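*Asks:* Top line first, the protein sequences correspond to chains C and X. Each residue of the first sequence is one higher than the one before, starting from 47 at the first, in the numbering used here. Each residue of the second sequence is one higher than the one before, starting from 427 at the first, in the numbering used here.
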Amino acid sequence: MGNKKWRAVCFINQFFGQIGGEDKASVGFSVSDKPVGPAILFNSKLNGECEVVGTIICGDNYFAENIESAVEEGVRLVRDMEADIFFAGPAFNAGRYGISCGNMASAVGKQLGIPTVTAMYPENPAVELFRKDTYIMKTKILSSDMRNIVPKMVDIGLRFLKNEHIGSAADEGYIKRDIIKNEYLDRTAAERAIDMVMKKIKGQPFVSEVLPPEFDTVEPAPAIRDMAKAKLALVTDGGLIPESNPDKLKPNGSTNWGEYNFEELLENKHFVIHSGYDGTSVLENPYRLFPKDVLVDLVNEGKLGELNDNVFVTCGNCASIDSAKGEGQAIAKRLLESKVDAAILTST
Amino acid sequence: MGIPVVQICAVYDIARSIGVSRILRGFAITCPVGNPNLAAEDEKNSRRRYIEKALEMLQSIGKSDEVEDV
Numbered sequence: 047m048g049n050k051k052w053r054a055v056c057f058i059n060q061f062f063g064q065i066g067g068e069d070k071a072s073v074g075f076s077v078s079d080k081p082v083g084p085a086i087l088f089n090s091k092l093n094g095e096c097e098v099v100g101t102i103i104c105g106d107n108y109f110a111e112n113i114e115s116a117v118e119e120g121v122r123l124v125r126d127m128e129a130d131i132f133f134a135g136p137a138f139n140a141g142r143y144g145i146s147c148g149n150m151a152s153a154v155g156k157q158l159g160i161p162t163v164t165a166m167y168p169e170n171p172a173v174e175l176f177r178k179d180t181y182i183m184k185t186k187i188l189s190s191d192m193r194n195i196v197p198k199m200v201d202i203g204l205r206f207l208k209n210e211h212i213g214s215a216a217d218e219g220y221i222k223r224d225i226i227k228n229e230y231l232d233r234t235a236a237e238r239a240i241d242m243v244m245k246k247i248k249g250q251p252f253v254s255e256v257l258p259p260e261f262d263t264v265e266p267a268p269a270i271r272d273m274a275k276a277k278l279a280l281v282t283d284g285g286l287i288p289e290s291n292p293d294k295l296k297p298n299g300s301t302n303w304g305e306y307n308f309e310e311l312l313e314n315k316h317f318v319i320h321s322g323y324d325g326t327s328v329l330e331n332p333y334r335l336f337p338k339d340v341l342v343d344l345v346n347e348g349k350l351g352e353l354n355d356n357v358f359v360t361c362g363n364c365a366s367i368d369s370a371k372g373e374g375q376a377i378a379k380r381l382l383e384s385k386v387d388a389a390i391l392t393s394t
Numbered sequence: 427m428g429i430p431v432v433q434i435c436a437v438y439d440i441a442r443s444i445g446v447s448r449i450l451r452g453f454a455i456t457c458p459v460g461n462p463n464l465a466a467e468d469e470k471n472s473r474r475r476y477i478e479k480a481l482e483m484l485q486s487i488g489k490s491d492e493v494e495d496v
């Protein structure tokens, strides 16, 4: 009588599924009953007790633009494969891929009750959304970390499956999940707390056992009383910039931004530097990113006071939180100097 | 003394989780404002609906956990 192997299912995007790049980001779900792309590596690292029985591939845009229906479709596919364990990604720092991996890992875990593991770079915006629902192993920023991270995902996944001990986030290398587990320790809480207080008083380093959540709440700015008297500016993170790239924006991980006269931007050679989306649509018609045609009409009709001549452009692909904040503050300063009352920010 | 902003984006989860207070769901990742499937005139009308909604939101109180649709 042969041993029944546990069934692992892997979820990857169109790029890792070898379907295509940004141009294929809108493809829907496809399924292979064999390991494809990274799933081959997963399969080779799973020991004899478990094997990859299927790979689910889905385009980043297809998923991100219709999350609810994509989750429903995806969970159904995992259920049909009778998965015992589910691996998503790794997504590294890719925002949309992080969203699809996080959504899938979370929904599969909740709806099918099976262990799920994914992996992301800690600054991936999807981390905060899903860290409580699944194990998000910490990756480096580049996908060259694949060979290093897949064995770690497999290791924690199998332990999860077999109900073996999984240690703290710090010890195991996953993003903290805010799960409180009871553990036996050598010293009582009183002893550990006094120890920490003594260190704090002496100005010595200590490690808190529970960290308070970090909030960065921004009060919504007050509403405009009358748009007919207001000056509006357009801001975008879609990265449509002059061909010469005078402000040295980068295709991803950008720390710079630019302010451009809109007419000049369009009259001269321009391109989309943002490498995280297919810029064909906005290059065909830049009003899709900078809705100036409609805004000019509204000014002429007296419904909007004034439109700022310059547009503010950055590149929103894998920008670090600190960079994004810094750029926002710098752009806001320019908006205030230009006596702008309100802004529309378009994001791709 | 902040400047009210409406963010138009198709993928609104990230904006919402950060606490952006005026989010308008955009048409698509590659086309935030407009609809490339429509004829030029119709697309401009579609774009106008987005912008009129955005201006309306700028004149209303910002709400951090909501996403508006056109």
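Yeah, the Cβ is synthetic: ideal placement off N, Cα and C, and Gly gets one too. These figures come from a predicted structure and were not determined experimentally.
Of the choices D224(C), E210(C), G100(C), whose alpha-carbon is the least far from that of K178(C)?
*Replies:* D224(C)
*Asks:* Taking the C-alpha atoms as reference points, what is the distance between M47(C) and E95(C)?
*Replies:* Its pLDDT being 44, under 50, M47(C) is placed unreliably in this model, and the value from its coordinates should be taken loosely. Each residue's Cα considered, the two are about 15 angstroms apart.
*Asks:* Determine the contact status of R334(C) and P458(X), defining contact as a CB-CB distance below 8 angstroms.
*Replies:* yes
*Asks:* Using the beta-carbon of each residue, which ones in chain C are nearer than 7 angstroms to L484(X)?
*Replies:* A269, I270, M273, A388
*Asks:* Ignore the nearest five residues each way along the sequence and tell me which others in N89(C)'s own chain have a CB closer than 7 angstroms to its CB.
*Replies:* P81, E97, V98
*Asks:* Write down the C-beta distance between I449(X) and C435(X) rounded to the nearest angstrom, noting that I regard them as a contact closer than 8 angstroms.
*Replies:* 7 angstroms
*Asks:* Would you call the segment 242-253 of chain C and the segment 349-363 of chain C in contact, with 3 or more CB pairs under 8 angstroms?
*Replies:* no
*Asks:* Can you tell which of Q157(C), C147(C), S72(C), A116(C) has the C-alpha that lies nearest to the C-alpha of E128(C)?
*Replies:* Measuring from the Cα of E128(C), the nearest candidate turns out to be Q157(C).
*Asks:* Among G74(C), S115(C), A140(C), V55(C), which one has its Cα closest to the Cα of S321(C)?
*Replies:* When each option's Cα is compared against that of S321(C), the closest is A140(C).
*Asks:* Which residue comes first and which comes last in the beta strand (DSSP E) that contains V256(C)?
*Replies:* Run containing V256(C): none; DSSP gives neither H nor E here.
*Asks:* From what residue to what residue does the beta strand (DSSP E) around I145(C) run?
*Replies:* Segment 141-158 is the alpha helix (DSSP H) holding I145(C); no beta strand (DSSP E) there.
*Asks:* 8 angstroms is my cut-off, CB to CB: does A465(X) come that close to chain C?
*Replies:* No - not a single Cβ of chain C is within 8 angstroms of the one on A465(X).
*Asks:* Below 8 angstroms on C-beta distance, what does V264(C) contact in chain X?
*Replies:* Near V264(C) (Cβ distances below 8 angstroms), the residues of chain X are G428, G445, S447.
*Asks:* Which stretch, first to last residue, makes up the beta strand (DSSP E) that contains Q375(C)?
*Replies:* No beta strand (DSSP E) holds Q375(C); the alpha helix (DSSP H) holding it covers 367-383.
*Asks:* What does the alpha-carbon distance come out to for the pair F117(C) and D439(X)?
*Replies:* The sequence given here places Val at residue 117(C); Phe does not occur at that position. V117(C) and D439(X) have their C-alpha atoms spaced approximately 14 angstroms apart.
*Asks:* CA-CA distance, L257(C) and R238(C)?
*Replies:* 15 angstroms
*Asks:* Our contact map puts N149(C) next to I113(C) with C-beta atoms below 8 angstroms; I'd like the distance itself, whole angstroms only.
*Replies:* 6 angstroms
*Asks:* Measuring straight from C-alpha to C-alpha, what distance separates L295(C) and V163(C)?
*Replies:* 34 angstroms
*Asks:* Distance, Cα to Cα, H316(C) vs F176(C)?
*Replies:* 37 angstroms
*Asks:* Identify, in the order they occur along the chain, each residue of the same chain with its Cβ nearer than 7 angstroms to the Cβ of L464(X), setting aside the five sequence neighbours on each side.
*Replies:* S472
*Asks:* Using Cβ-Cβ distances below 9 angstroms, what residues of the segment 95-108 of chain C are close to chain X?
*Replies:* D106, N107
*Asks:* Which chain X residues are close to A394(C), counting only those with a beta carbon under 7 angstroms from its beta carbon?
*Replies:* According to the sequence as given, residue 394(C) is Thr; it is not Ala. What T394(C) touches in chain X: I455, T456, P458.
*Asks:* Helix, strand or coil for Y306(C), going by three-state DSSP, please let me know.
*Replies:* When secondary structure is reduced to three states using DSSP, Y306(C) falls in the strand class.
*Asks:* Starting from K184(C), trace the beta strand (DSSP E) in both directions and tell me its first and last residue.
*Replies:* 181-184
*Asks:* Does DSSP put N59(C) in a helix, in a strand, or in coil?
*Replies:* strand
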